[in-house]
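These notes concern the structure reproduced below.
Protein chains: 2
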Amino acid sequence: MARKNAFYAQSGGVTATINATACAVIETARRHRERIGKVLAGRDGIIGALTEDLIDTSRESAAAVKALRWTPGGAFGSCRYKLKGPDEHRAQYERLIEVFQAHDIGYFFYNGGNDSADTSFKVSEFAREHGYPLSCIGIPKTVDNDLAVTDCCPGFGSVAKYVATSIREAGYDVASMWRTSTRVFRLAVMGRHAGWITAACGLAAESEGEAPHVLLFPEIEFDEDRFLARVEDTVRRHGYCAVAASEGLRRPDGKFLSESGLRDAFGHAQLGGVAPLLAQLVKDRLKHKYHWAVADYLQRAARHVASRTDVAQSYAVGKAAVELAVKGRSGVMPVIVRKSSRPYRWEIGVADLKDVANAEKMMPRDFITADGFHITPKCRRYLAPLVVGEDYPPYRNGLPAYVKLRNAPVAKRLGSEFRI
Amino acid sequence: MARKNAFYAQSGGVTATINATACAVIETARRHRERIGKVLAGRDGIIGALTEDLIDTSRESAAAVKALRWTPGGAFGSCRYKLKGPDEHRAQYERLIEVFQAHDIGYFFYNGGNDSADTSFKVSEFAREHGYPLSCIGIPKTVDNDLAVTDCCPGFGSVAKYVATSIREAGYDVASMWRTSTRVFRLAVMGRHAGWITAACGLAAESEGEAPHVLLFPEIEFDEDRFLARVEDTVRRHGYCAVAASEGLRRPDGKFLSESGLRDAFGHAQLGGVAPLLAQLVKDRLKHKYHWAVADYLQRAARHVASRTDVAQSYAVGKAAVELAVKGRSGVMPVIVRKSSRPYRWEIGVADLKDVANAEKMMPRDFITADGFHITPKCRRYLAPLVVGEDYPPYRNGLPAYVKLRNAPVAKRLGSEFRI
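For the protein sequence lines, the chains are A and B, in the order given. Residue 2 is where the first sequence starts when you use my numbering, and the numbers rise one by one after that. Residue 2 is where the second sequence starts when you use my numbering, and the numbers rise one by one after that.
Written as structure tokens, this is what we have:
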């Protein structure tokens, strides 16, 4: 097979380690110059392919590419943009092939979640049906840890380490102050549908009485009275209570807790999040002083406290993706295969994209205790190895030294515009 | 002078490094066994002295004491409890002397903010007037950085490093997503009265266009229209806008922004914090997608990303306090004296407690830009050295290995109870 350029794009919410995958794709491609010409990245993800807005990564120095390994965010821009099926929006697929052809692209690497796996699969099928030679490889990434087939998702281990570290630290704070100050503390974490990040908070509680004392999972219907009773019991036994809650809590009527009727002075619905709502509840019903934190993007950008295991896996899937591509594979995704939990051993496997596409891996019920408020030993065994190891970025002037790439554009070769 | 025991207590909101000070006090006292017997710590701060609830730190191993250096929170418990003056509540002071006498205490180390300096000063005066030999040493600590005389406050450098790191990381995240997702991001930080922590966020913006783009200081009256115009201008120029805001923002009428009339479905005032309020404003007026985070206790407990400079200073003031005490000094506080900013050089000086007591050091107006939305180069010169250096805790199972002390109680010697 002749030498072809590669297209690489980041998709969906970024993570602390998606750039480690980008680093691996570029570094590995540079070691296969006989098969891969340039790696052209999509500016703002797949939108860059549709609008022929490509970035020439060959203009980046080896040092800059290396620094991607420890830089959070998406170096080329990512996007929330889902391609419809070829039947619904055939022009998008034709456009992709047109752009790929114009730029001599023979490899398509799409780094994202299950929507992206679905897109990669459809692009792969479309190219094959239309006789365009294209090796389509999906690369997993998501803080939500909800992809099928892979044992865990690159990006998740680092958010897990961040939230567990944070709730442990806040627990030490509250433990020292509850006698005259805050007795109930809540940390709101991501994960609207699957409680993996909430579960990760539970890792911090290694022995009885340690924070967090209560976890609120999106999988478990929120019962106000049971929750308050649990908090009160914890306060009685330990003096304080640290709670980690998913932003996706639902009431028995199925509505998100965060949509439960708060209004500002003008009657606008208040999108205040779960943490202040629960805090208000505790204050009104239990009369305890409370504090709350909302980690939001901090958790998925916290490269300063990334998991070395996660960084290694994020790099490994990028490297494997390129190696699969040069072997001529298409319609597949490298995944993490767990060989053993204790000691932790893993390797890279290969999944069919169609098995990953649009599936969602929920927390097994037996990962959550019977009362619904914590994780089981089985869950702990699964999660524990994912946060192991530190992988500090370099610091400059006391702050993490992250890289900003040049992101030099590739000259357009098509006369046509494409509206997205 | 004969050998006497020492009393040590932590006061007010804890920090990521107040235990480094406790570590220094105990380790230094153990090196002066000819003058200092045991260090007895107050359980839950000064309340422990009043209720004769003392902790025998001599029961802690050298390894446990050493681990205090990297453990956040207050190891013996802290409290929000201010002693009134001896004229108003003479019984409290008499009780302190009674407890000190019963436990052969000749040294009083009080680790806190300006209230604590005031208490230390009053205890010092009271003991002197009543002929009780007591060396009273205040030891500075506060994330707010608002103590007088000292150049900076132990505990501040680490929260500064945390918030600057966090807003930088979130900035990388939003920079990669704004085209199809969040355009405005806000991080709410502590500092109700003084904007030091808000200012520290500004360190992350080392060159034009970097996050944070807008800082909202409690010192600057919040003007909705000017704020929105600034956000819109930033979005136009850079695609997105990252804001760091103090929780203590005030409207022109002097009210806290967070008290501005949000009600829940039952008509209760909603204590939702500044971040969701500003977010709502941006959404309603500018129609941008926004996200917000509230760091709350995470920022002052974030020992995992502590400043090495801050840890060194936190240790140094504890060590100096003991050395001042064994020299027979009283009514004083060791402080940080800056000898030079570039290169950064500092040493320990000695302040009179009465000069520190109840004073508050606000941000100088020339540390804030004329438009009120960022820090000046002068401010940056002051802040920059305080976040320099990393001082990682050890990790176990992928999480920071913090210590929990035995905190063995000292047998009570007084028959009397004291109600606080």
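For every residue, glycine included, the Cβ atom is placed at its ideal position computed from N, Cα and C.
Does any CB atom of chain A fall closer than 7 Å to the CB of residue i?
i                           : result
arginine 366 (chain B)      : no
leucine 299 (chain B)       : yes
arginine 252 (chain B)      : no
isoleucine 98 (chain B)     : no
lysine 362 (chain B)        : no
histidine 305 (chain B)     : yes
valine 15 (chain B)         : yes
alanine 246 (chain B)       : no
phenylalanine 419 (chain B) : no
aspartate 88 (chain B)      : no
aspartate 119 (chain B)     : no
Bridge partners of residue i, per DSSP?
i                           : result
alanine 243 (chain A)       : A:Phe186
isoleucine 5 (chain A)      : Residue identity check: residue 5 (chain A) is lysine in the sequence provided, not isoleucine. Lysine 5 (chain A) pairs with A:Ile37.
methionine 334 (chain A)    : A:Ala352
serine 121 (chain A)        : In DSSP, serine 121 (chain A) forms no bridge with anything.
alanine 498 (chain A)       : Nothing in the structure corresponds to residue 498 (chain A), since chain A is present only between 2 and 421.
glutamine 300 (chain A)     : According to DSSP, which records beta bridges pairwise, glutamine 300 (chain A) is partnered with nothing at all.
alanine 10 (chain B)        : B:Tyr111
proline 410 (chain B)       : B:Ile56
phenylalanine 157 (chain A) : Partner(s): none; phenylalanine 157 (chain A) has no beta bridge.
serine 177 (chain B)        : The partner list for serine 177 (chain B) (beta bridge, DSSP) is empty, contrary to what the question assumes.
serine 308 (chain B)        : B:Glu391
arginine 252 (chain A)      : Note: arginine 252 (chain A) sits in no beta bridge, so no partner.
phenylalanine 257 (chain B) : B:Arg251
What does residue i reach in chain B if we use C-beta pairs closer than 7 Å?
i                           : result
tyrosine 396 (chain A)      : Glu391
phenylalanine 186 (chain A) : Tyr298
serine 308 (chain A)        : Gly399
alanine 302 (chain A)       : Glu170, Ala171, Tyr173, Asp174
Residue i versus chain A: which residues are under 7 Å apart at the beta carbon?
i                        : result
methionine 191 (chain B) : Neighbours of methionine 191 (chain B) on chain A: none; closest Cβ ~11 Å, over 7 Å.
In chain B, what lies closer than 8 Å to residue i by C-beta?
i                       : result
threonine 58 (chain A)  : Simply none; closest approach about 15 Å.
cysteine 80 (chain A)   : Met178, Arg180, Thr181, Ser182
threonine 143 (chain A) : Result: empty, since nearest Cβ-Cβ is about 14 Å, beyond 8 Å.
alanine 205 (chain A)   : Leu400
Using 8 Å for Cβ pairs, my map puts residue i next to residue j. What's the rounded Cβ distance?
i                        : j                        : result
asparagine 408 (chain B) : arginine 44 (chain B)    : 7 Å
threonine 22 (chain A)   : arginine 301 (chain A)   : About 14 Å; that fails the 8 Å criterion.
serine 79 (chain B)      : methionine 178 (chain A) : 6 Å
tryptophan 71 (chain B)  : arginine 309 (chain B)   : Not quite, the Cβ-Cβ distance comes to about 11 Å (not below 8 Å), so this is no contact.
alanine 7 (chain A)      : isoleucine 56 (chain A)  : Wrong, their Cβ atoms sit about 12 Å apart, outside the cutoff.
Are any of the Cβ atoms in chain B nearer than 7 Å to that of residue i?
i                       : result
glycine 268 (chain A)   : With a pLDDT of only 48 at glycine 268 (chain A), under the threshold of 50, the placement of this residue in the model should not be trusted; the figure read from the coordinates follows. Output row for glycine 268 (chain A): interface = no.
aspartate 174 (chain A) : yes
histidine 292 (chain A) : yes
valine 312 (chain A)    : no
tyrosine 316 (chain A)  : no
serine 167 (chain A)    : yes
leucine 400 (chain A)   : yes
tyrosine 383 (chain A)  : no
glutamate 324 (chain A) : no
proline 170 (chain A)   : The sequence as given places glutamate at residue 170 (chain A); proline does not occur at that position. Interface residue, yes.
alanine 149 (chain A)   : no
aspartate 45 (chain A)  : yes
alanine 345 (chain A)   : Here residue 345 (chain A) turns out to be tyrosine, not alanine, going by the sequence shown. Tyrosine 345 (chain A) does not count as touching chain B.
valine 388 (chain A)    : yes
With a threshold of 6 Å (Cβ to nearest heavy atom), would residue i be considered close to the ligand HEM?
i                       : result
glutamine 281 (chain A) : As for the ligand HEM, it is missing from this structure, which has no ligand bound.
Report the neighbours of residue i on chain A: residues whose CB is nearer than 9 Å to its CB, in chain order.
i                        : result
isoleucine 106 (chain B) : The premise fails here: isoleucine 106 (chain B) is roughly 22 Å from chain A at the closest Cβ pair, so nothing lies under 9 Å.
glycine 75 (chain B)     : Tyr173, Asp174, Ala176, Ser177, Met178
Residues of chain B with a CB under 9 Å from the CB of residue i: which are they?
i                       : result
serine 342 (chain A)    : Under the 9 Å cutoff, chain B gives no residues; its nearest Cβ is about 13 Å from serine 342 (chain A).
aspartate 116 (chain A) : By Cβ distance, chain B contributes nothing, its closest Cβ being about 13 Å from aspartate 116 (chain A), past 9 Å.
tyrosine 9 (chain A)    : What tyrosine 9 (chain A) touches in chain B: nothing, since even the nearest Cβ is about 14 Å away.
Mind listing the chain A neighbours of residue i? Cutoff is C-beta to C-beta under 8 Å, in chain order.
i                       : result
threonine 72 (chain B)  : Tyr173
lysine 162 (chain B)    : Gly399, Leu400
isoleucine 48 (chain B) : Arg180, Thr181
Below 9 Å on C-beta distance, what does residue i contact in chain C?
i                      : result
tyrosine 241 (chain B) : Protein chains A and B are contained in the structure displayed, whereas chain C is not.
* Just list the beta strand (DSSP E) runs in the stretch 187-238 of chain A, keeping only unbroken ones of 3 residues or longer that don't cross its boundaries, in chain order. => 215-217
*asked:* Please give me, in chain order, every unbroken run of the beta strand (DSSP E) with length at least 3 that falls completely inside the stretch 23-88 of chain B.
replied: Listed in chain order, they are 37-43, 55-57.
Please give the ranges of any alpha helix (DSSP H) in the stretch 339-390 of chain B, keeping only runs that are unbroken, at least 4 residues long and fully inside the region. You should have 354-357, 378-384.
Every unbroken alpha helix (DSSP H) within the stretch 91-151 of chain B, with a cutoff of 4 residues, ordered by chain = If we require 4 residues or more, the alpha helix (DSSP H) runs fully inside the stretch 91-151 of chain B come out as 91-103, 115-130.
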